[in-house]
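J.: Numbering (this note's numbering), first residue to last: -14 to 247. Glycine included, each C-beta is placed from N, C-alpha and C at the ideal position.
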């Protein structure tokens, strides 16, 4: 049985993947196939590259004063931010040139803004694939590649379980970062939200509905859903708390997961 991992998108919420993978690795679980969308593509690539601990050490030490420098404003060139943060992390933690050189099958999911089609990279330049998959529309500049204008795959595939199946996975463990909408106070605190908050919330609601429909049609074998509604997409400075939320979410499903795969 080939064990597949599908890591969903969600900006800074994706630091929960670090805690989840830490717990699963401690339990002796190793995935044969990995697929990621957005931040999930980045962390999935780092995981397959055996750099997870180094990234976790960085994530838990990001301070709020680091964020403006890391984001790099660029408006109006296709996004509010240039993606310096993404580029820095990708260059620092991904050193393998091509996807096919990784030790196990990997997929990074993007969307072509020109055609509206899902584009899944399973070969070719790894950094480019991850950079494209992490280009949140409106926030980070799209990636132009072979006539395609590529952005975050979470627009249509916030949890890339199908990409993992397409690579041959028989059993799918999916991490859905956007399932919990219960604790968001941005629109319930008497204060007007910012434009970015409105756009992000609208996008999350749409992605949530798409994922719910997909999971009804063909659910993953295990879904890990960290309670992250109080975490905003750009809350990278809360890395330590987000990683711990991921750890706790993984611990809750671990007994069921071990029972099913052993």
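Pull the bridge partners of residue 160 from the DSSP assignment, please.
T.: -8 and 209
J.: Write down the C-beta distance between residue 117 and residue 21 rounded to the nearest angstrom, noting that I regard them as a contact closer than 8 Å.
T.: Rounded, the Cβ-Cβ distance is 12 Å, inconsistent with contact.
J.: On the CB-based measure, 16 or more other CB atoms within 10 Å of its CB, does residue 54 come out buried or exposed?
T.: For residue 54, the predicted structure reports a pLDDT of 45, less than 50, and the residue's modelled location is therefore unreliable. A value from the coordinates is still provided. When all chains shown are included, residue 54 counts as exposed.
J.: By Cβ distance below 6 Å, which residues in the same chain neighbour residue -12 in space, the five residues on each side in sequence not counted?
T.: 16, 17 and 156
J.: Short of 8 Å in beta carbon distance, which residues of its chain neighbour residue 140, apart from the five on each side in sequence? Order them along the chain.
T.: Same-chain partners within the cutoff: 96, 122, 188 and 192.
J.: Looking only at its chain, what residues have a beta carbon closer than 8 Å to the beta carbon of residue 108, apart from the 5 residues adjacent to it on each side?
T.: 83, 84 and 85
J.: Name the two residues that bound the continuous alpha helix (DSSP H) containing residue 29.
T.: 24 to 33
J.: Using 8 Å as the threshold, is the C-beta distance between residue -7 and residue 220 below it?
T.: no
J.: Count Cβ pairs between the segment 190 to 208 and the segment 220 to 229 that sit closer than 8 Å; are there 3 or more?
T.: no
J.: Give every residue of the same chain whose Cβ lies closer than 6 Å to the Cβ of residue 210, excluding the five residues on either side of it in the sequence, and list them in chain order.
T.: Non-local beta-carbon contacts of residue 210 in its own chain, meaning distances under 6 Å to residues more than five positions away in sequence, involve 161 and 164 in chain order.
J.: Let's test the definition: count the other Cβ atoms within 10 Å of the Cβ of residue 61 and tell me whether it reaches 16, buried, or not, exposed.
T.: Because the pLDDT of residue 61 is 48, which lies under 50, any placement of that residue in the model is unreliable, and the question is left without a value.
J.: Could you check which residue in -4, 27 and 33 has the C-alpha nearest to that of residue 250?
T.: With the chain covering -14 to 247 only, the question about residue 250 has no answer from this structure.
J.: Could you check the C-alpha separation between residue 6 and residue 208 for me, to the nearest Å?
T.: Going from the Cα of residue 6 to the Cα of residue 208 covers about 13 Å.
J.: For residue 148, I'd like the list of residues in its chain whose CB is within less than 6 Å of its CB, leaving aside the five on either flank, ordered along the chain.
T.: 20, 92, 94 and 105
J.: Provide the residue(s) that pair with residue 93 in DSSP beta bridges, ordered along the chain.
T.: 21 and 106
J.: Quick check: what's the CA-CA separation for residue 31 versus residue 112?
T.: Between residue 31 and residue 112, the C-alpha separation is close to 11 Å.
J.: Is DSSP giving residue 137 helix, strand or coil here?
T.: strand
J.: Compare the Cα-Cα distances from residue 159 to each of 153, 132 and 205 and report the closest residue.
T.: 205
J.: With burial defined as no fewer than 16 other Cβ atoms inside 10 Å of the residue's Cβ, what is the status of residue 131: buried or exposed?
T.: exposed
J.: Under three-state DSSP, which class holds residue 46?
T.: coil
J.: Mind checking residue 142: buried by the 16 CB within 10 Å criterion, or exposed?
T.: buried
J.: Could you check whether the Cβ of residue 234 sits closer than 8 Å to any Cβ belonging to chain B?
T.: The structure shown has no chain B; it contains just one protein chain.
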